[in-house]
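Taking this note's numbering, the leading residue of the sequence shown gets 1, the next gets one more, and so forth. Ideal Cβ placement from N, Cα and C applies to all residues, glycine included. Computed from a prediction, not measured in an experiment: that's the story for all the values here. Heads up: the structure comes next, in structure tokens.
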Amino acid sequence: MLDLRKLPLEAQLTALLDGEVSPEQRHELEQRLASDDNARRLHEKLRHGADFGRRRLDDVLKEPVPLALVRSIKSTQPPKTPIAQRAMRPQVKLAPSGPQALAAALILFVVGCGIGYFAGTTPDADEIATTTATAPANTNDWLSDVTAYQRLLIRQPRHLVEVPASQAEEISSWLTTAIGVPFRVPDLSAESWTFQGARVILGDNRPVGQLVYSNSDGDIISICFRKDAQPPETDDFKETIKDEIGLVTWHNAGTSYVLAGPSAEAALGQLAMRIATAI
Numbered sequence: 001m002l003d004l005r006k007l008p009l010e011a012q013l014t015a016l017l018d019g020e021v022s023p024e025q026r027h028e029l030e031q032r033l034a035s036d037d038n039a040r041r042l043h044e045k046l047r048h049g050a051d052f053g054r055r056r057l058d059d060v061l062k063e064p065v066p067l068a069l070v071r072s073i074k075s076t077q078p079p080k081t082p083i084a085q086r087a088m089r090p091q092v093k094l095a096p097s098g099p100q101a102l103a104a105a106l107i108l109f110v111v112g113c114g115i116g117y118f119a120g121t122t123p124d125a126d127e128i129a130t131t132t133a134t135a136p137a138n139t140n141d142w143l144s145d146v147t148a149y150q151r152l153l154i155r156q157p158r159h160l161v162e163v164p165a166s167q168a169e170e171i172s173s174w175l176t177t178a179i180g181v182p183f184r185v186p187d188l189s190a191e192s193w194t195f196q197g198a199r200v201i202l203g204d205n206r207p208v209g210q211l212v213y214s215n216s217d218g219d220i221i222s223i224c225f226r227k228d229a230q231p232p233e234t235d236d237f238k239e240t241i242k243d244e245i246g247l248v249t250w251h252n253a254g255t256s257y258v259l260a261g262p263s264a265e266a267a268l269g270q271l272a273m274r275i276a277t278a279i
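Printed below as a string of structure tokens:
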């Protein structure tokens, strides 16, 4: 049996973790761990690194073999002519002694534990994904969703709303609860827009209230609003055109608003200002 006392403390503790010690050596190392805080901390680090390395190895072994590699192996044709055997050289059999084999194994295990320990202290993919998921949402994402829903309304004018305008009380309680934003339905009859009803849509995976209006020409506008994820840099009105859809955005009292309508409507910006004072 190799005299562990001649090896560094890391090698001794590694041998203890690997079960490569005699009962006497185990008793001696356990006594040292009970009385030596530094040795105990080093033992915990090595144990953590070994456990982490084993888990990583298990994960790698569980990964399936790529289908392309399997197909490549199966499609490989054996040589048509036998390959002449090379002249065999006399083989030299290396047979290390017991102490040499144990010392080599201990060195390899210490290196493996060290790699596992340092890998275990670095953030893994799950932590990076969690950090990324908590990043603030991009404001443009919900505008893209609003634009998509507006195009959908244009294509299905006979099915504009979930709750019709005749059920005004239900619209008020429903949207206030679903969106968490108090509001009033603006009366736009003076501007020739008739309120048709309301819907709840998703904007950047968050609920958005949508009030839908139409006019005698068959044009459709919608007022969309949601709670702010974070305060914008400015409350000013901003106009954007996305193909045939015009958007006017603004912010007030913790709520973001969008008026979506035909991009050819020249008075869309003025209508948004009128809505901002009434909603």
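Verify the CB distance criterion: does residue i have a CB-CB separation below 8 Å to chain D?
| i | result |
| --- | --- |
| Glu-24 | Included in the structure is just one protein chain, with no chain D present. |
I'd like the list of long-range same chain contacts for residue i, defined as Cβ closer than 6 Å, with 5 residues on each side in sequence excluded.
| i | result |
| --- | --- |
| Ala-278 | Pro-186 |
| Pro-262 | Asp-219 |
| Cys-224 | Val-146, Val-208, Gln-210 and Val-258 |
| Arg-199 | Val-161, Glu-162 and Gln-210 |
| Asn-215 | Ser-192 and Trp-193 |
| Thr-240 | Leu-247 |
| Thr-249 | Lys-238 and Val-258 |
| Ser-173 | none |
| Leu-268 | Gly-246, Val-248 and Gly-261 |
| Leu-7 | none |
Have a look at the options and flag the residue whose alpha-carbon is nearest the alpha-carbon of residue i.
| i | options | result |
| --- | --- | --- |
| His-251 | Glu-244, Phe-237, Gly-261 and Asp-243 | Phe-237 |
| Gln-196 | Ala-50, Ile-171 and Ser-256 | Ile-171 |
| Gln-205 | Val-21, Ile-179, Gln-31 and Ala-11 | The identity of residue 205 in the sequence shown is Asn, whereas the question assumes Gln. Nearest option by C-alpha distance: Ile-179. |
| Gly-49 | Asp-235, Thr-14, Arg-274 and Glu-24 | Thr-14 |
| Asp-364 | Arg-47, Arg-32 and Ile-154 | Since the displayed the chain opens at 1 and closes at 279, residue 364 lies outside it and no answer follows. |
| Ala-148 | Gln-270, Pro-23, Lys-242 and Arg-47 | Lys-242 |
| Arg-226 | Ala-267, Leu-143 and His-159 | Leu-143 |
| Arg-47 | Gln-31, Ser-35, Gly-19 and Met-273 | Gly-19 |
| Gly-203 | His-159, Asp-141 and Gln-167 | Asp-141 |
| Glu-169 | Gln-270, Asp-51 and Arg-184 | Arg-184 |
| Ala-190 | Leu-271, His-159 and Arg-55 | Leu-271 |
Provide the residue span of the alpha helix (DSSP H) that contains residue i, from first to last.
| i | result |
| --- | --- |
| Trp-174 | 168-179 |
| Pro-291 | Residue 291 falls outside the range modelled here, since the chain spans only 1 to 279, and no answer is possible. |
| Leu-13 | 9-18 |
| Ala-334 | Nothing about residue 334 can be read from this structure; the chain reaches only from 1 to 279. |
With residue i and residue j assumed to form a contact (beta carbons below 8 Å), what rounded beta-carbon distance in angstroms separates them?
| i | j | result |
| --- | --- | --- |
| Leu-9 | Ala-39 | 6 Å |
| Tyr-213 | Leu-247 | Tyr-213 to Leu-247, Cβ: 15 Å. No contact. |
| Gln-156 | Ile-245 | Actually they do not touch by this definition, with Cβ atoms about 15 Å apart. |
| Ala-260 | Ile-221 | 7 Å |
| Gly-254 | Asp-228 | 5 Å |
| Leu-33 | Val-21 | At roughly 13 Å, the Cβ-Cβ gap does not stay under 8 Å, so Leu-33 and Val-21 are not in contact. |
Over what stretch of residues does the beta strand (DSSP E) that includes residue i continue unbroken?
| i | result |
| --- | --- |
| Trp-250 | 245-252 |
| Val-335 | A question about residue 335 goes unanswered here, because the residues of the chain that appear run from 1 up to 279. |
| Leu-211 | 206-214 |
| Ala-226 | The sequence as given places Arg at residue 226; Ala does not occur at that position. Start and end: 220-227. |
| Ala-198 | 194-203 |
| Ser-256 | 255-262 |
| Lys-6 | From DSSP, Lys-6 is part of no beta strand (DSSP E); its letter is neither H nor E. |
| Glu-239 | 238-242 |
For residue i, collect the residues of the same chain with a Cβ closer than 7 Å to its Cβ; drop the 5 residues on either side in sequence, then sort them by chain order.
| i | result |
| --- | --- |
| Asn-165 | In the sequence on display, residue 165 carries Ala and not Asn. Excluding positions up to five away in sequence, the list reads Phe-195, Gln-196 and Gly-197. |
| Pro-182 | Thr-176 |
| Arg-54 | none |
Leaving out five residues on either side along the sequence, give the residues of the same chain with a beta carbon under 8 Å from the beta carbon of residue i.
| i | result |
| --- | --- |
| Leu-42 | Leu-9, Glu-10 and Leu-13 |
| Ile-275 | Pro-186, Leu-188, Ile-223, Tyr-257 and Leu-259 |
| Arg-26 | Leu-16 |
| Met-273 | Phe-237 |
| Lys-36 | In the sequence under discussion, the amino acid at residue 36 is Asp, which differs from the Lys named in the question. If we look at Asp-36 and ignore the five residues flanking it on each side, it has no Cβ neighbours. |
Say the cut is 7 Å; is the CB of residue i nearer than that to a heavy atom of the ligand COA?
| i | result |
| --- | --- |
| Gly-269 | Here there are no bound small molecules, and the ligand COA is not part of this structure. |
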